[in-house]
Amino acid sequence: MVFPYADSTILVTGATGHTGRRLVQRLLSRGAKVRCFVHNPAHSNRLPHGEGLEIVAGSADSAEDLERAAEGVQAVLHLAHIRYSPYVVEALSKKTYPVRVIATSSTRLMSTFRTPLREVVRDGEAAFHTAPANVQWTILRPAMIFGGPDDNNLEKMAKMIKKLPVFPLFGWGNNLVQPIFVWDLIAAIEACLDRPEAAGHTYVVAGPEPMTYRDMVLTVAEAAGLERPRFVYLPRRTSTFIAQIIRLFWKKFPLDPDAVRRFGEDRSFAIHPAERDLGFAPIPFREALEKKFKGEV
């Protein structure tokens, strides 16, 4: 398929992040001119080198900075936090031509637990629903993202398995999860660019099938070549309460009460709309893990 944005300029927010760096690499390989919007120019050394790469510094909560960065672009890939969407919409609404926008949100919005972050995500998505017609948006809600040695999810899990004598599970670890491989997310973003008919829609993108959290930990250990972890099962409600109390006195306590609470719900998702409309075809979890731990991503 011919890439419709070859020789076009694409603005990427969140370009120096885990997904952003890989997306920039992919866009450059397809012939696009990529303008990376970065908060800290010193972090631009994380980006791949290539002809067609441009760095613009600014703040994602400044519509003025975003408007300057978006000058002359045909598409915006908004990978920075969805909370900045109102500023993206404001910046693009002043343009006299249509701009394709792909924004990554979060499946946290689908949680049954009402948390401040869930409301932030909701408000961020709402900005696109009230955007003017020239802002042709698609929202992707990825599940937990993994891939490469720099992800903050399964890489951190593998380190915990290696270092800790026992691995803590809140509850019995039977809650379902459905993590997405970073390159599958990038493929979904590309598919949105290739398909203008996806504008105005929101899609959940996740792995091909759910698994229990406990099985995910065991599979990570096996794929990483680690010993099978021994589990310690912690009462979820008690752990949530203790974390809440500690957070009152230690704001940076690493155990988030909301994260513990979410062990009480399944995080499995229907990806059929993305499969149907975007040709979304995520690879199996074990296969993706092998690529990750072999350093192929």
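Counting from 1, position 13 in the sequence shown corresponds to residue 32 in my numbering; the numbering is continuous, with no gaps. Ideal placement from N, C-alpha and C gives every residue a C-beta, glycine not left out.
{"query": "Does the contact criterion of 3 or more C-beta pairs under 8 angstroms hold for the segment 125-137 versus the segment 150-158?", "result": "no"}
{"query": "Mapping the DSSP letters down to three states, classify Q155 as helix, strand or coil.", "result": "strand"}
{"query": "Could you give the residue range of the beta strand (DSSP E) that holds L96?", "result": "94-97"}
{"query": "For V43, report the span of its alpha helix (DSSP H) as first-last.", "result": "37-48"}
{"query": "Name the one or two DSSP bridge partners that P187 has.", "result": "V251"}
{"query": "Inspect the CB distances between the segment 213-228 and the segment 286-297 and report whether three or more fall short of 8 angstroms.", "result": "yes"}
{"query": "Which of the three DSSP states is assigned to L66 in this structure?", "result": "coil"}
{"query": "Here's the rule: buried if 16 or more other CB atoms are within 10 angstroms of the residue's CB, otherwise exposed. What is H100?", "result": "buried"}
{"query": "Should K52 be labelled buried (16 or more other beta-carbon atoms within 10 Å of its own) or exposed?", "result": "buried"}
{"query": "When the Cα atoms are used, what is the spatial distance from P23 to R49?", "result": "10 angstroms"}
{"query": "Whether or not the segment 270-283 and the segment 202-212 are in contact is what I'm after, with contact meaning three or more pairs of Cβ atoms, one per stretch, closer than 8 angstroms; do they touch?", "result": "no"}
{"query": "Under the assumption that V43 contacts V31 (Cβ atoms under 8 angstroms), give the Cβ distance between them as a whole number of angstroms.", "result": "6 angstroms"}
{"query": "So is T149 buried or exposed if we call it buried at 16+ other beta carbons inside 10 Å?", "result": "exposed"}
{"query": "Taking the alpha carbon of A240 as the point to measure from, which residue in V107, K175, A145, T35 has its own alpha carbon closest?", "result": "K175"}
{"query": "Could you name the residues of the same chain whose beta carbon sits closer than 8 angstroms to that of R87, not counting the 5 residues immediately before and after it, in chain order?", "result": "V75, G77"}
{"query": "According to DSSP, is V223 part of a helix, a strand, or is it coil?", "result": "strand"}
{"query": "Tell me where the alpha helix (DSSP H) around R87 begins and ends.", "result": "82-88"}
{"query": "Measuring CB atoms only, is the segment 228-247 touching the segment 190-199, in the sense that at least three cross pairs come out at less than 8 angstroms?", "result": "yes"}
{"query": "Thinking N172 and I180 are a contact (beta carbons under 8 angstroms), I'd like their distance in whole angstroms, please.", "result": "Not really, about 13 angstroms apart at Cβ, beyond 8 angstroms."}
{"query": "According to the Cβ coordinates, are F189 and S258 closer than 8 angstroms?", "result": "yes"}
{"query": "Taking the alpha-carbon positions, what's the F272 to A146 distance?", "result": "32 angstroms"}
{"query": "Using the three-state DSSP reduction, which class does A230 fall into: helix, strand or coil?", "result": "It is worth fixing the name first, because residue 230 is Met in this sequence and not Ala. The answer is strand: DSSP assigns M230 an E or B state."}
{"query": "Ends of the beta strand (DSSP E) at L30?", "result": "28-32"}
{"query": "Helix, strand or coil for P60? Go by DSSP, reduced to three states.", "result": "helix"}
{"query": "So, helix, strand or coil for L195, using DSSP?", "result": "strand"}
{"query": "Quick one: what does DSSP say R102 is sitting in, helix, strand or coil?", "result": "helix"}
{"query": "Using a Cβ-Cβ cut-off of 6 angstroms (strictly less than) and excluding sequence neighbours within five positions of P105, which residues of its own chain qualify?", "result": "A146"}
{"query": "Indicate the three-state DSSP secondary structure (helix, strand or coil) for F312 in the structure shown.", "result": "helix"}
{"query": "Please name the residue, chosen from F299, S130, F304, that lies closest to P229 on a Cα-to-Cα basis.", "result": "F304"}
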